[in-house]
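See below for the structure under consideration.
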């Protein structure tokens, strides 16, 4: 006699044979200085918490619509505490959704006491403060400079991919530390920095989503909600060549220039349009290879050309820069928004990925 255990319930992909699921959301109160959990918060029943992520923003994540009752409003230290939401499925599995600190609040006075409507941001808010002294990269490797830039801040750990590129940039007092970090990301060939669901600060090397393994397959699960799909395009004005010119002379007399052409398979490519529509930027890099990586990074992530917006049931596996297969092609997810309430719809913004097999570096 062979006894086979039943497969675990698939509560996120929602295959055709599973018509429903149960889920709830928990809001943990965390001491931002020690990381110790101080308890659980319960937003008022008539509040509508929602979480959004936008990879193009300096502070990508925002938790809004959280209104605390009288007792919870007294417990939270708005200057040092963090709120860490989690999605809890019916089988008991939990999915973290990041850590957030209060950026805006007001007290609503009632006869029973004061309630607190809150707007919260991820810990990039801490990074996005002005430098009180100048900061010099000093020619170090970009990943080392990034670690030095955020050292000592009361944030989650930094997880950064290694890079062979160095930086000679410098930033004066009054410059946003987050802007300096974004400058380093571009010069090191990284995607823009973000805090992930674990609360870790991430710097990931830029990649071509057309060549990456799919992380979310919406075609297989058929979770896209009917009537939720909209398409848009910037193809008429989208540049098809990115040119990076170094403004750091270094030791060479020759200028350092990097060029990246969008793939010929893209409808706005030079091959398709018949003429060059360039975007040129000045940066501080020392080698032609680094300038080329900088140009490629711009071409891969900083301009959105063909996008689709669609809705699915809430899925906490969507973090940042997910490679999504939908409608037979691969897309890069650049933004999403989800209500933190059972039965809500999660809205996704996807950017079309084009293969580099017929284009790329000029």
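Numbering (UniProt numbering), first residue to last: 1 to 362.
Where a beta carbon is used, it is the ideal one built from N, C-alpha and C, also for glycine.
Reduced DSSP category for residue i - H, G, I as helix; E, B as strand; rest coil
i           : result
residue 98  : coil
residue 285 : coil
residue 359 : At residue 359, the pLDDT of 45 sits below 50, so the modelled position is not reliable and the matter cannot be decided from this model.
residue 142 : helix
residue 216 : strand
residue 308 : strand
residue 221 : helix
residue 5   : Below a pLDDT of 50, predicted positions are generally treated as unreliable, and residue 5, at 46, falls in that range; the measurement from the model is reported next regardless. Three-state result, residue 5: coil.
residue 320 : coil
residue 190 : strand
residue 66  : strand
residue 163 : coil
residue 294 : helix
residue 147 : helix
Opening and closing residue of the beta strand (DSSP E) in which residue i lies
i           : result
residue 203 : 201–203
residue 125 : Where residue 125 is concerned, there is no enclosing beta strand (DSSP E), although the alpha helix (DSSP H) it sits in stretches over 124–127.
residue 20  : It is not in any beta strand (DSSP E) - residue 20 carries neither H nor E in the DSSP assignment.
residue 52  : 50–54
residue 266 : Where residue 266 is concerned, there is no enclosing beta strand (DSSP E), given that its DSSP letter is neither H nor E.
Span of the alpha helix (DSSP H), counted from its first residue to its last, around residue i
i           : result
residue 187 : 177–187
residue 72  : 70–75
residue 270 : 270–273
Sequence-distant residues of the same chain with beta carbon closer than 8 angstroms to residue i, five excluded per side
i           : result
residue 173 : 130, 131, 132, 133, 134
residue 156 : 99, 123, 195, 198, 199, 200, 201
Same chain only: Cβ atoms within 6 angstroms of residue i, ignoring 5 sequence neighbours per side
i           : result
residue 230 : 309
residue 39  : 29
residue 280 : 243
residue 94  : 86, 88
Cut-off 7 angstroms between Cβ atoms - residues of its own chain near residue i, not counting five sequence neighbours on either side
i           : result
residue 225 : 311, 312, 345
residue 64  : 50, 119
residue 101 : 32, 82, 120, 121, 123, 125
residue 104 : 119
residue 276 : 240, 241, 270
Cβ-based burial, residue i [other Cβ within 10 Å; buried from 16]
i           : result
residue 69  : buried
residue 170 : exposed
residue 255 : exposed
residue 240 : buried
residue 223 : buried
residue 330 : buried
residue 20  : exposed
**Message:** With three or more C-beta pairs closer than 8 angstroms as the rule, is the region 131–144 touching the region 176–196?
**Reply:** Cβ pair count under 8 angstroms is three or more, so yes.
**Asked** On the three-pair Cβ rule with 8 angstroms, is the region 84–101 touching the region 25–34?
**Response** When C-beta atoms of the region 84–101 are compared with those of the region 25–34, three or more pairs fall below 8 angstroms, so the two segments count as touching.
**Asked** Does the count of Cβ pairs from the region 317–330 and the region 265–274 closer than 8 angstroms reach three?
**Response** Put simply, the region 317–330 does not touch the region 265–274. Fewer than three CB pairs are less than 8 angstroms apart.
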